[in-house]
Amino acid sequence: YATSMDKRLQVPVFQYTYKGHMIMWDRETKDVHLPGLWHLFKLPKHAMAGFLKINMAMKYKRFHGGSLNIQGTWIPWMMARQLCVQMGWPVREALVPMLG
(Lines of atoms letter the chains of each structure in order from A; the text may use other names.)
(Lines give C-alpha, C1' and ligand atoms only; values in the text may rest on other atoms or scores of the structure.)
Protein backbone atom coordinates (compact mmCIF):
# COMPACT_ATOMS: atom_id res chain seq x y z
CA TYR A 1 0.00 0.00 0.00
CA ALA A 2 1.27 3.47 -0.88
CA THR A 3 1.76 6.17 1.76
CA SER A 4 3.84 9.30 2.15
CA MET A 5 3.95 8.77 5.93
CA ASP A 6 6.70 6.15 5.72
CA LYS A 7 10.23 6.67 4.42
CA ARG A 8 9.74 3.64 2.17
CA LEU A 9 6.72 5.40 0.55
CA GLN A 10 4.85 2.12 0.80
CA VAL A 11 3.93 -0.47 3.38
CA PRO A 12 4.30 -4.05 2.13
CA VAL A 13 1.86 -6.12 4.18
CA PHE A 14 0.65 -9.62 4.78
CA GLN A 15 -3.11 -9.47 5.13
CA TYR A 16 -6.11 -11.72 5.48
CA THR A 17 -9.74 -11.26 6.36
CA TYR A 18 -11.52 -13.06 9.18
CA LYS A 19 -15.28 -12.59 9.52
CA GLY A 20 -15.06 -9.23 7.77
CA HIS A 21 -12.10 -7.94 9.81
CA MET A 22 -8.88 -7.21 7.93
CA ILE A 23 -5.77 -8.34 9.81
CA MET A 24 -2.52 -6.82 8.53
CA TRP A 25 1.11 -6.72 9.50
CA ASP A 26 4.11 -5.12 7.83
CA ARG A 27 6.31 -7.70 6.08
CA GLU A 28 9.50 -5.74 6.76
CA THR A 29 9.08 -4.17 10.21
CA LYS A 30 6.61 -6.76 11.59
CA ASP A 31 4.39 -3.95 12.93
CA VAL A 32 0.71 -4.91 13.25
CA HIS A 33 -2.29 -2.78 12.27
CA LEU A 34 -4.00 -2.22 15.62
CA PRO A 35 -7.51 -1.27 14.42
CA GLY A 36 -7.89 -4.64 12.69
CA LEU A 37 -7.16 -6.52 15.90
CA TRP A 38 -9.23 -4.12 17.99
CA HIS A 39 -12.32 -4.70 15.85
CA LEU A 40 -11.69 -8.45 15.79
CA PHE A 41 -11.73 -8.49 19.61
CA LYS A 42 -14.92 -6.37 19.61
CA LEU A 43 -13.38 -3.81 21.95
CA PRO A 44 -14.84 -0.29 22.17
CA LYS A 45 -13.04 2.18 19.93
CA HIS A 46 -12.49 4.69 22.76
CA ALA A 47 -10.54 2.07 24.73
CA MET A 48 -7.78 2.06 22.09
CA ALA A 49 -6.55 5.47 23.26
CA GLY A 50 -6.43 4.18 26.84
CA PHE A 51 -4.46 1.12 25.72
CA LEU A 52 -1.90 3.31 23.97
CA LYS A 53 -1.69 5.68 26.95
CA ILE A 54 -1.05 2.79 29.38
CA ASN A 55 1.68 1.47 27.09
CA MET A 56 3.47 4.80 26.59
CA ALA A 57 6.89 3.13 26.38
CA MET A 58 5.74 1.26 23.31
CA LYS A 59 6.83 2.78 20.03
CA TYR A 60 3.94 2.91 17.64
CA LYS A 61 3.33 4.57 14.29
CA ARG A 62 0.30 6.34 12.94
CA PHE A 63 -0.42 6.58 9.24
CA HIS A 64 -2.64 9.29 7.80
CA GLY A 65 -3.06 9.77 4.08
CA GLY A 66 -2.36 7.26 1.37
CA SER A 67 -4.40 4.10 1.17
CA LEU A 68 -7.37 3.99 3.55
CA ASN A 69 -6.63 0.35 4.38
CA ILE A 70 -3.39 1.15 6.19
CA GLN A 71 -4.44 4.33 7.96
CA GLY A 72 -4.43 4.14 11.72
CA THR A 73 -2.09 2.95 14.44
CA TRP A 74 0.57 0.28 13.93
CA ILE A 75 2.16 -1.41 16.95
CA PRO A 76 5.22 -3.68 17.30
CA TRP A 77 4.57 -7.39 16.78
CA MET A 78 5.53 -8.32 20.36
CA MET A 79 2.99 -5.86 21.76
CA ALA A 80 0.34 -7.20 19.38
CA ARG A 81 1.19 -10.72 20.52
CA GLN A 82 0.73 -9.75 24.18
CA LEU A 83 -2.62 -8.15 23.35
CA CYS A 84 -3.69 -11.29 21.49
CA VAL A 85 -2.69 -13.53 24.41
CA GLN A 86 -4.78 -11.42 26.77
CA MET A 87 -7.82 -10.76 24.57
CA GLY A 88 -7.77 -13.24 21.71
CA TRP A 89 -8.98 -16.56 23.12
CA PRO A 90 -12.47 -16.33 21.52
CA VAL A 91 -10.89 -15.75 18.07
CA ARG A 92 -7.69 -17.76 18.54
CA GLU A 93 -8.12 -19.59 15.22
CA ALA A 94 -8.04 -16.24 13.41
CA LEU A 95 -4.68 -15.38 14.98
CA VAL A 96 -2.77 -18.49 13.85
CA PRO A 97 -1.53 -16.98 10.54
CA MET A 98 -0.05 -14.01 12.40
CA LEU A 99 1.17 -15.62 15.61
CA GLY A 100 1.74 -19.21 14.57
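First residue of the sequence shown? That's 1 in the UniProt record's numbering, and the numbers climb one at a time after it.
For glycine and all other residues, C-beta sits at the position ideal for the given N, C-alpha and C.
M58 sits in coil when the DSSP states are folded into three classes, being neither helix nor strand.
A contact is defined here as three or more CB-CB pairs under 8 Å, and the region 27-38 meets this definition with respect to the region 62-75. G50 and P44 have their C-alpha atoms spaced approximately 11 Å apart. For Q71, no alpha helix (DSSP H) segment is defined, and its DSSP state is neither H nor E. Nearest Cα to V13 within the set Q71, A94 and K42: Q71.
Annotation for V96: the continuous alpha helix (DSSP H) segment containing it runs R92 to L99. When only Cα atoms are considered, Q86 and R8 end up about 32 Å apart. Contact between L40 and A94 holds, with the beta-carbon distance rounding to 6 Å and staying under 8 Å. Shown here for K61: same chain residues with a beta carbon closer than 6 Å to its own, the five before and five after excluded, namely W74 in chain order. The beta carbon of R27 sits closer than 7 Å to those of P12, V13 and F14, all from its chain and outside the five residues before and after it, given in chain order.
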